[in-house]
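Student:
Protein chains: 2
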Amino acid sequence: MRRLKTARRSEIVGAALELAAERGLPALSMRCVAARLGLTPMALYGYFRSKDDLLDGIAAHLLTLLPAPASDLDPFTRLRELAGGARAVAREHPAVAGLLFTRPVASERSLLPAERVYRALLDAGVPEAEVPRLERLLSTFVLGYVLSEVEGRFAASTRLARSRRVELGPADLPAHHRLGPLPHHVDCDAEFAEDLEDLLTIVEAAAK
Amino acid sequence: MRRLKTARRSEIVGAALELAAERGLPALSMRCVAARLGLTPMALYGYFRSKDDLLDGIAAHLLTLLPAPASDLDPFTRLRELAGGARAVAREHPAVAGLLFTRPVASERSLLPAERVYRALLDAGVPEAEVPRLERLLSTFVLGYVLSEVEGRFAASTRLARSRRVELGPADLPAHHRLGPLPHHVDCDAEFAEDLEDLLTIVEAAAK
DNA sequence: CCGGCGGGTCTACGGTGCAGACTCCGCGGG
DNA sequence: CCCGCGGAGTCTGCACCGTAGACCCGCCGG
Numbered sequence: 000m001r002r003l004k005t006a007r008r009s010e011i012v013g014a015a016l017e018l019a020a021e022r023g024l025p026a027l028s029m030r031c032v033a034a035r036l037g038l039t040p041m042a043l044y045g046y047f048r049s050k051d052d053l054l055d056g057i058a059a060h061l062l063t064l065l066p067a068p069a070s071d072l073d074p075f076t077r078l079r080e081l082a083g084g085a086r087a088v089a090r091e092h093p094a095v096a097g098l099l100f101t102r103p104v105a106s107e108r109s110l111l112p113a114e115r116v117y118r119a120l121l122d123a124g125v126p127e128a129e130v131p132r133l134e135r136l137l138s139t140f141v142l143g144y145v146l147s148e149v150e151g152r153f154a155a156s157t158r159l160a161r162s163r164r165v166e167l168g169p170a171d172l173p174a175h176h177r178l179g180p181l182p183h184h185v186d187c188d189a190e191f192a193e194d195l196e197d198l199l200t201i202v203e204a205a206a207k
Numbered sequence: 000m001r002r003l004k005t006a007r008r009s010e011i012v013g014a015a016l017e018l019a020a021e022r023g024l025p026a027l028s029m030r031c032v033a034a035r036l037g038l039t040p041m042a043l044y045g046y047f048r049s050k051d052d053l054l055d056g057i058a059a060h061l062l063t064l065l066p067a068p069a070s071d072l073d074p075f076t077r078l079r080e081l082a083g084g085a086r087a088v089a090r091e092h093p094a095v096a097g098l099l100f101t102r103p104v105a106s107e108r109s110l111l112p113a114e115r116v117y118r119a120l121l122d123a124g125v126p127e128a129e130v131p132r133l134e135r136l137l138s139t140f141v142l143g144y145v146l147s148e149v150e151g152r153f154a155a156s157t158r159l160a161r162s163r164r165v166e167l168g169p170a171d172l173p174a175h176h177r178l179g180p181l182p183h184h185v186d187c188d189a190e191f192a193e194d195l196e197d198l199l200t201i202v203e204a205a206a207k
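Those sequence lines, one after another, are chains D and V. Each residue of the first sequence is one higher than the one before, counting from 0 in numbering that gives the first Met the number 0. Each residue of the second sequence is one higher than the one before, counting from 0 in numbering that gives the first Met the number 0.
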């Protein structure tokens, strides 16, 4: 089988998304995806060359869920919408969000989200030479932020900082001590918006 | 075995780092780590509760490799050093860099890197209320950037953008087309430095 | 002497991704 | 009408995985 079938690809990706949401990405296996569809594991190999290929397919699917802001909007509004949309997608599919980092874009369609950011930056007046770098800066931050959020990186460090420290005392962590107890939960909504505004000042400065 | 042994923990982590570097993180197994040390797989379970526990140990080890800039340096210099150090660590251990995102800090020692950033921000004059947010902003960007770099996210998208596009023409990607062909390789050294300077303007602004 | 304990071992179970060879069915052309 | 063929799906089997549970041995304090 050189050429892959396409008919049921999206159906398979959908089943994989469900399973990952229910039992976690590590528990996702070809066997259980197949079982959910009433197929044998080997049937999937007509649609995807390997498990890795299926994971790529999931990542590509996530990219198609990103919003495409109307092009008559203010470019900064569009950037905010793109960032918020990316965050929303990751929060809807937390189990597979990590794939966006680890499975570098495979299909040409994956260029579309970057294209939208390019357009917004150009429309904002950013010089052409700076556009690709700022796109990478913004997408990297957004990706990193939402991944930290869904993987619990922020939550883990605040929990740790609040816990009774046995190994390290205030003398070892003077700044932590001086800042006092952190709030239980970081308000990710507000913080994301604030961070984004700060980053948009960079864009503004580049646009002069 | 309730309490874990500690004597050979770092030796085991070292072997795991070697294996991951040679054959990739997905190929890392308890069996092959044990084999490298001339042990049976089950011997490792005296030192780590599970494979996940071992991966946490690897992530924690990476954190210990981060630099601790001399505290009499200019706070911005310290931030640059911390960021560059993190990038250096990730580039030295590309196969396991992803663990920094997916294995949220486990031990108290993991607070030390954040502590250094806190101190630099405070010394720079950032108000206390803003320090934790800016620390998260900076660390998230740095982590995201180096992960994108070592996982090939940047390289993949530029390669894709340069390739003969069959599915999408210039009409679908006007901004890509207008920006013309990208360079073959992003100069990550220069770009990282530039991005960092841009982010430090945010810190500067917060310090007023 | 002896009991525990830290080090390491062996066996076994249920799971994994996937190669290779196979069966079945619908359909278009001679 | 039959034939062949290609797509869809199946079956078997292999090599490997994480790890539970039982075990063995040498040292060391009482």
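Positions of the beta carbon are idealized from the N, C-alpha and C atoms, including for glycine.
So, with DSSP's three-state summary, where would you put Lys50 of chain V?
Tutor: As a working mapping, residue 50 of chain V is identified with position 51 in the second sequence. In the structure shown, Lys50 of chain V sits in a helix (DSSP, three-state: H, G or I).
Student: Output the distance between the C-alpha atoms of Leu62 of chain V and Leu142 of chain V, rounded to the nearest integer angstrom.
Tutor: Mapped onto the second sequence, residue 62 of chain V falls at position 63. Mapped onto the second sequence, residue 142 of chain V falls at position 143. Rounded to whole angstroms, Leu62 of chain V to Leu142 of chain V spans 12 Å at the Cα level.
Student: With 8 Å as the threshold, decide whether the Cβ of Ala174 of chain V is near any Cβ in chain D.
Tutor: Sequence index remark: in the second sequence, residue 174 of chain V carries index 175 (1-based). Closer than 8 Å: yes.
Student: For the stretch 105 to 112 of chain D against the stretch 102 to 118 of chain V, do three or more pairs of beta-carbon atoms, one drawn from each stretch, fall closer than 8 Å, so that the two count as touching?
Tutor: In short, these stretches do not touch, since the Cβ pair count stays below three.
Student: Would you grab the beta carbon distance between Pro182 of chain V and His176 of chain V for me? Rounded to a whole angstrom, and I think it's under 8 Å.
Tutor: Position 183 of the second sequence, counting from 1, holds the residue named residue 182 of chain V. Position 177 of the second sequence, counting from 1, holds the residue named residue 176 of chain V. Actually they are not in contact, since the Cβ atoms of Pro182 of chain V and His176 of chain V sit about 16 Å apart, beyond 8 Å.
Student: Could you tell me which uninterrupted alpha helix (DSSP H) segments, each at least 4 residues in length, are contained entirely in the stretch 50 to 122 of chain D, listed from first to last along the chain?
Tutor: List check, alpha helix (DSSP H) in window: 50 to 63, 74 to 91, 98 to 101.
Student: Below 7 Å, is the gap between the Cβ of Glu10 of chain V and the nearest heavy atom of the ligand SAM?
Tutor: Absent from the structure shown: the ligand SAM. Ligands present: none.
Student: Look at the Cβ atom of Val145 of chain V, then the Cβ atom of Leu16 of chain V, and state whether they are nearer than 8 Å.
Tutor: The residue given as residue 145 of chain V occupies position 146 in the second sequence. The residue given as residue 16 of chain V occupies position 17 in the second sequence. No; because the gap between Cβ atoms is not below 8 Å, this pair is not in contact.
Student: Specify, as a first and last residue, the run of the alpha helix (DSSP H) that Gly177 of chain D falls within.
Tutor: One-based indexing of the first sequence puts residue 177 of chain D at position 178. In the sequence as displayed, the identity of residue 177 of chain D is Arg instead of Gly. Note, Arg177 of chain D: alpha helix (DSSP H), 173 to 178.
Student: Please state whether the Cβ-Cβ distance between Val125 of chain V and Val12 of chain V is less than 8 Å.
Tutor: Taking the first residue of the second sequence as position 1, residue 125 of chain V is located at position 126. Taking the first residue of the second sequence as position 1, residue 12 of chain V is located at position 13. Against a cut-off of 8 Å, the Cβ pair of Val12 of chain V and Val125 of chain V comes out as no contact.
Student: Does the CB of Arg108 of chain D have a neighbour CB from chain V at under 8 Å?
Tutor: In the first sequence, counting from the first residue as 1, residue 108 of chain D sits at position 109. Arg108 of chain D counts as touching chain V.
Student: State the CB to CB distance for the pair Ala119 of chain V and Pro66 of chain V, rounded to an integer number of angstroms; the pair is presumed to be in contact (CB under 8 Å).
Tutor: Sequence index remark: in the second sequence, residue 119 of chain V carries index 120 (1-based). Sequence index remark: in the second sequence, residue 66 of chain V carries index 67 (1-based). With 8 Å as the limit, Ala119 of chain V and Pro66 of chain V do not qualify as a contact, their Cβ atoms being about 12 Å apart.
Student: Under a CB-based cut-off of 8 Å, is Thr101 of chain D close to chain V?
Tutor: For the purposes of this step, residue 101 of chain D is taken as residue 102 along the first sequence, with counting starting at 1. Output row for Thr101 of chain D: interface = yes.
Student: Please state the DSSP three-state secondary structure of Leu198 of chain D.
Tutor: As a first step, residue 198 of chain D is located in the first sequence; it is residue number 199 there, counting from the start. If DSSP states are grouped into helix, strand and coil, Leu198 of chain D belongs with the helices.
Student: Looking at C-alpha atoms only, which residue of D:Ser9, D:Leu137, D:Glu190, D:Ala205 is the closest neighbour of Leu54 of chain D?
Tutor: Here the question's residue 54 of chain D lines up with position 55 in the first sequence. Ranking D:Ser9, D:Leu137, D:Glu190, D:Ala205 by Cα distance to Leu54 of chain D puts D:Ser9 first.
Student: Quick one: Cα of Leu38 of chain V to Cα of Ser138 of chain V, how far?
Tutor: Indexing the second sequence from 1 puts residue 38 of chain V at position 39. Indexing the second sequence from 1 puts residue 138 of chain V at position 139. Straight-line Cα distance between these residues: approximately 38 Å.
Student: Throw me the rounded Cβ distance for the Leu3 of chain D and Gly56 of chain D pair, which I believe falls under 8 Å.
Tutor: As a first step, residue 3 of chain D is located in the first sequence; it is residue number 4 there, counting from the start. As a first step, residue 56 of chain D is located in the first sequence; it is residue number 57 there, counting from the start. Their Cβ separation, rounded to whole angstroms, is 10 Å, which puts Leu3 of chain D and Gly56 of chain D out of contact at 8 Å.
Student: Any beta carbon from chain D within less than 8 Å of Val104 of chain V's own beta carbon?
Tutor: To locate residue 104 of chain V, count along the second sequence from 1; it is residue 105. Judged by the 8 Å Cβ criterion, Val104 of chain V is in contact with chain D.
Student: Keeping to the same chain, check which residues put their C-beta closer than 8 Å to that of Leu99 of chain D; ignore five residues upstream and five downstream.
Tutor: In the first sequence, residue 99 of chain D corresponds to position 100, counting from 1. Closer than 8 Å at Cβ, skipping near neighbours: Ala58, Leu61, Leu62, Ala89, Leu142, Leu146.
Student: Suppose the cutoff is 7 Å on Cβ atoms and the five residues either side in sequence are ignored; what does the same chain contact list for Lys50 of chain V look like?
Tutor: Position 51 of the second sequence, counted from the first residue, corresponds to residue 50 of chain V. Cβ neighbours of Lys50 of chain V beyond the five flanking positions: Met29.
Student: Please identify, using Cβ separations under 8 Å, the residues of the stretch 128 to 150 of chain D that lie next to chain V, in order along the chain.
Tutor: Those would be Val130, Pro131, Arg132, Arg135, Leu136, Thr139, Phe140, Leu142, Gly143, Tyr144, Leu146, Ser147, Glu150, in chain order.
Student: May I ask you to report which of helix, strand or coil DSSP gives Val125 of chain V?
Tutor: Within the second sequence, numbered from 1, the residue matching residue 125 of chain V stands at position 126. Val125 of chain V: coil per DSSP, three-state reduction.
Student: In chain D, what lies closer than 7 Å to Ala155 of chain V by C-beta?
Tutor: On the second sequence, residue 155 of chain V is found 156 positions in, with the first residue counted as 1. Near Ala155 of chain V (Cβ distances below 7 Å), the residues of chain D are Pro103, Val104.
Student: Is it right to say Glu148 of chain V is buried, meaning 16 or more other beta carbons lie within 10 angstroms of its own, or is it exposed?
Tutor: Position 149 of the second sequence, counting from 1, holds the residue named residue 148 of chain V. Buried, since its Cβ has 16 or more Cβ neighbours within 10 Å.
Student: Would you identify the three-state DSSP class for Ala19 of chain V, choosing helix, strand or coil?
Tutor: By 1-based counting over the second sequence, the position of residue 19 of chain V is 20. If DSSP states are grouped into helix, strand and coil, Ala19 of chain V belongs with the helices.
Student: Let me know if Arg132 of chain V comes out buried or exposed under the rule of 16 or more other beta-carbons within 10 Å of its beta-carbon.
Tutor: As a position in the second sequence, residue 132 of chain V is number 133, starting the count at 1. That one is buried.
Student: Whose Cβ in chain D lies nearer than 7 Å to the Cβ of Ala160 of chain V?
Tutor: Position 161 of the second sequence, counting from 1, holds the residue named residue 160 of chain V. Near Ala160 of chain V (Cβ distances below 7 Å), the residues of chain D are Leu110.
Student: Under 8 Å between C-beta atoms, does Gly97 of chain V make it to chain D?
Tutor: Taking the second sequence and counting its residues from 1, the one referred to as residue 97 of chain V is at position 98. Yes, Gly97 of chain V lies at the interface with chain D (some Cβ there is under 8 Å from its Cβ).
Student: Go through its chain and collect everything with a Cβ distance to Pro93 of chain D's Cβ below 7 Å, but skip five positions before and after it.
Tutor: The residue you call residue 93 of chain D lines up with position 94 of the first sequence. Here the set comprises Val149.
Student: Less than 8 Å between C-beta atoms, sequence neighbours within five positions excluded: which residues of the same chain meet that for Phe140 of chain D?
Tutor: Locating residue 140 of chain D in the first sequence gives position 141, where the first residue counts as 1. These residues qualify, in order along the chain: Asp194, Leu198.
Student: In chain D, which residues lie with their C-beta within 8 Å of the C-beta of Glu203 of chain V?
Tutor: Translated into positions along the second sequence, residue 203 of chain V becomes position 204. Under the 8 Å cutoff, chain D gives no residues; its nearest Cβ is about 11 Å from Glu203 of chain V.
Student: Please decide whether Leu195 of chain D counts as near chain V, where near means a Cβ-Cβ distance under 8 Å.
Tutor: If you number the first sequence from 1, residue 195 of chain D lands on position 196. Not one chain V Cβ lies under 8 Å of Leu195 of chain D.
Student: Among D:Ala128, D:Ala33, D:Ala192, which has the Cα closest to the Cα of Leu81 of chain D?
Tutor: Here residue 81 of chain D refers to the residue found at position 82 when the first sequence is read from its first residue. Residue D:Ala192 is the option with its Cα nearest to Leu81 of chain D.
Student: Go ahead and pull the three-state DSSP assignment for Thr39 of chain V.
Tutor: Residue mapping note: residue 39 of chain V aligns to position 40 of the second sequence, counting from 1. Reduced to three states, the DSSP call for Thr39 of chain V is coil.
Student: Counting only beta-carbon atoms, is Leu178 of chain D nearer than 8 Å to chain V?
Tutor: Taking the first sequence and counting its residues from 1, the one referred to as residue 178 of chain D is at position 179. Judged by the 8 Å Cβ criterion, Leu178 of chain D is in contact with chain V.
Student: Assign Val165 of chain D to buried or exposed, taking buried as 16 or more other Cβ atoms, counted over all protein chains shown, within 10 Å of its Cβ.
Tutor: For this step, residue 165 of chain D is matched to residue 166 along the first sequence. The residue in question, Val165 of chain D, is exposed, as its Cβ has fewer than 16 Cβ neighbours within 10 Å.
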